[in-house]
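Same order as they appear, the protein sequences are chains A and B. Its first residue numbered 7, the first sequence is counted upward by one per residue in our numbering. Its first residue numbered 6, the second sequence is counted upward by one per residue in our numbering. Even glycine gets a Cβ: it sits at the ideal position worked out from N, Cα and C.
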Amino acid sequence: MLDIINLAKTYEAAPGKKRQTVRVPTLDNISLQVKKGEFVSIVGPSGCGKSTLFNLISGLERPDEGQILLEGREITGEKGHVSYMLQKDLLLPWRTILDNCLLGMEIQGNSRGQARKKAHALLEEFNLSIYEKSYPHVLSGGMRQRIAFLRTMLANKEILLLDEPFGALDAYTKSEMHDWLMSVWHKYSSTILFITHDVEEALFLSDRIYVLSARPATVKLTLAVNLPRPRSRKMLVSEEFIELKGQLLQALFEER
Amino acid sequence: MKRYGASVGFFIFMLVIWEAVVRFFGIAEFILPSPVRIGEALSETSALLWEHSLQTIIEVLWGFTLAILAGIILAMLMGLFPVVKKVLYPLIILSQTIPIMAVAPLLIIWFGYNLLPKVIVVALVCFFPITVSLVEGLEAVDKDIEKLLLAMGASPWQIFKTVQLPGALPSFFAGLKISATYSVMGAVIGEWLGASKGLGVFMTRTMNSFLTAQVFASIVVISLLSLIFFGLISVLAKFVMPWYEQK
Ligand SMILES: Nc1ncnc2c1ncn2[C@@H]1O[C@H](COP(=O)(O)OP(=O)(O)OP(=O)(O)O)[C@@H](O)[C@H]1O
Ligand SMILES: [Mg+2]
């Protein structure tokens with residue numbers, strides 16, 4: 007469904023007040039694939055270029071080299087093809103929860119009435135409709151993240167890019183969110199590309215994991231996670247899980 | 006009302022001291038009237054004060070409306086077209102260095118002793134805080150929210166109306182509140198320089214007759230009017246931005 011072929015990106019940065027710029031090679035020859043209905047994660051050291059990769063896929067920036075294909079069609083540098091959820095929840099404080107959920111459909115020019123109906127139905131389904139008329143500031147971090155995720159889903163694109171959506175949550179809320187995300191993903195057979203630096207999170211959620219190297223990022227390891235689904239907390243201590251975790255950690259630590 | 010309790014208490018305390026000092030030293034009324042005398046002057050001249058206030062209120066309302074319209078139009082143009090901002094913004098700031106007291110007599114020469122010069126003075130005084138606060142508000146967009154919308158495929162106009170405009174409201178209302186407190190003063194300054202009616206006129210006349218208690222009475226009315234305008238804007242702000250938490 008999503009094919010990323012030999013992507014490369016170098017930034018020109020101007021450190022300090024000096025006129026001359028330095029080249030910051032950030033991504034180097036990245037290739038990866040996400041199939042329909044798959045949950046794929048990307049892990050890598052901090053600052054290696056994970057968010058940069060998402061900025062390229064979403065069309066916010068252009069790669070220097072390489073191609074991005076969606077369902078076989080080239081979308082390199084084009085915006086509006088994927089749903090992108092950034093590191094923060096970014097709910098608009100002046101919009102009610104329901105109106106926040108409409109954002110994507112509104113930008114696409116859908117009729118407001120129909121968008122409302124759809125958003126309402128989805129909120130209802132996840133028992134969040136009681137918050138419909140509330141403003142975001144009354145919600146907890148976990149709730150806000152759920153709403154932000156539903157908003158991303160309602161933008162109705164074939165693939166969701168999630169950039170460390172649970173990075174700021176406490177451990178308990180985070181594991182709650184994992185179960186929740188799994189149920190939504192299962193129910194809607196969404197296709198998800200997920201950034202995290204939490205190795206357990208990646209293993210618990212994913213079908214496949216790409217480990218990126220330190221900058222300039224290359225694909226260091228591709229790991230298939232063949233644990234059965236639905237996944238449970240018990241698996242976190244299973245032999246297979248620990249074996250996979252060892253491989254992941256080793257690949258990451260070599261980058262230090 | 007509760008949160009102003011301490012301020013009100015302190016204010017009353019100061020009034021009591023004032024009253025005591027005036028009585029104790031037997032200060033002449035034309036130099037410093039006591040609060041009680043000011044209160045009496047207020048009730049004695051209430052009908053006259055009201056008549057003059059009405060004139061001032063009309064000037065303020067027109068001037069304020071004009072300032073809001075001009076402020077919104079200019080700030081929108083500057084927000085949408087960076088070139089406009091580059092050219093106009095420094096000039097707008099520069100315009101604030103011209104003392105209003107110097108401009109007001111000119112306005113009277115140009116437009117005569119009617120309503121217009123006072124309305125223009127009010128507008129000139131109010132226009133700056135409104136424009137600047139709106140421009141800054143429009144600029145203070147969260148870059149990540151902008152990114153989110155861009156990724157959704159939003160056009161610059163969609164970003165402007167869904168993010169920048171609503172996001173600028175708190176700052177805009179802060180500017181409106183500042184303007185509201187200046188607005189009555191602007192009208193009074195305009196009236197000082199030539200008018201037949203208005204609180205400024207009342208003030209000049211009573212001052213020339215050494216009716217100091219009545220001068221103070223007009224000051225009280227001016228403050229009250231400013232407070233009322235401020236309060237109205239605050240109520241409007243709560244109504245327009247129910248999502249905005251006042252700190
Ligand atoms: N617009 C830009 N101009 C110059 N350099 C940039 C720009 N954007 C990112 N970089 C650099 O590219 C590198 C990768 O940044 P990126 O945000 O993609 O990392 P990341 O893997 O998402 O990090 P984190 O784990 O902290 O989120 C960083 O060194 C950053 O300084
Ligand atoms: Mg990042």
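Using the Cβ count rule (16 or more neighbours within 10 Å means buried), how would you classify residue i?
| i | result |
| --- | --- |
| Lys252/B | In this prediction, Lys252/B has a pLDDT of 42, which is less than 50 and means its spatial position is unreliable; what the coordinates show is noted afterwards. Result: exposed. |
| Asp176/A | exposed |
| Ser189/A | exposed |
| Ile36/B | exposed |
| Ala11/B | exposed |
| Met83/B | buried |
| Gln151/A | buried |
| Phe16/B | exposed |
| Phe259/A | exposed |
| Trp197/B | buried |
| Leu241/B | exposed |
| Arg221/A | buried |
| Trp115/B | exposed |
| Tyr9/B | exposed |
| Gly83/A | exposed |
| Gly22/A | exposed |
| Ala145/B | exposed |
| Gln26/A | exposed |
| Pro95/B | exposed |
| Lys148/B | exposed |
| Tyr118/B | exposed |
| Ile78/B | exposed |
| Phe244/B | exposed |
Short check: CB of residue i to CB of residue j, under 8 Å?
| i | j | result |
| --- | --- | --- |
| Met159/A | Tyr194/A | yes |
| Arg214/A | Val46/A | yes |
| Arg157/A | Gly110/A | yes |
| Thr224/A | Val49/A | no |
| Leu8/A | Leu62/A | no |
| Gly203/B | Ala192/B | yes |
| Leu145/A | His126/A | no |
| Thr179/A | Ser140/A | no |
| Ile11/A | Gly78/A | no |
| Phe165/B | Leu93/B | no |
| Ala121/A | Glu130/A | no |
| Ile150/B | Leu96/A | yes |
| Ile32/B | Ile105/B | no |
| Leu242/A | Leu229/A | no |
| Ser212/A | Phe200/A | yes |
| Lys15/A | Leu33/A | yes |
| Leu209/A | Phe155/A | no |
| Leu59/A | Ile36/A | yes |
| Ala218/B | Arg42/B | yes |
| Trp100/A | Met246/B | yes |
| Thr136/B | Ile103/B | no |
| Leu20/B | Pro38/B | no |
| Ala109/B | Val126/B | yes |
| Lys152/B | Ser239/B | no |
| Ser100/B | Ser138/B | no |
Going by the C-beta, is residue i closer than 7 Å to any heavy atom of ligand 2?
| i | result |
| --- | --- |
| Asp169/A | yes |
| Gln101/B | no |
| Gln169/B | no |
| Gln120/A | no |
| Gln93/A | yes |
message: Can you tell me which residues fall inside 5 Å of ligand 1, judged by beta-carbon distance to its nearest heavy atom, and keep chain order?
response: Result (chain order): Tyr17/A, Ala19/A, Thr32/A, Ser52/A, Gly53/A, Cys54/A, Gly55/A, Lys56/A, Ser57/A, Thr58/A.
query: Is the region 124-144 of chain B touching the region 87-102 of chain A, taking contact as three or more C-beta pairs under 8 Å?
result: Segments in contact, no.
Cβ contact (3+ pairs, closer than 8 Å) linking the region 178-190 of chain B and the region 234-245 of chain B: Verdict: yes, contact present.
- prompt: Taking one C-beta from the region 204-224 of chain B and one from the region 52-60 of chain B each time, how about it: are there three or more such pairs within less than 8 Å?
  reply: A contact is defined here as three or more CB-CB pairs under 8 Å, and the region 204-224 of chain B meets this definition with respect to the region 52-60 of chain B.
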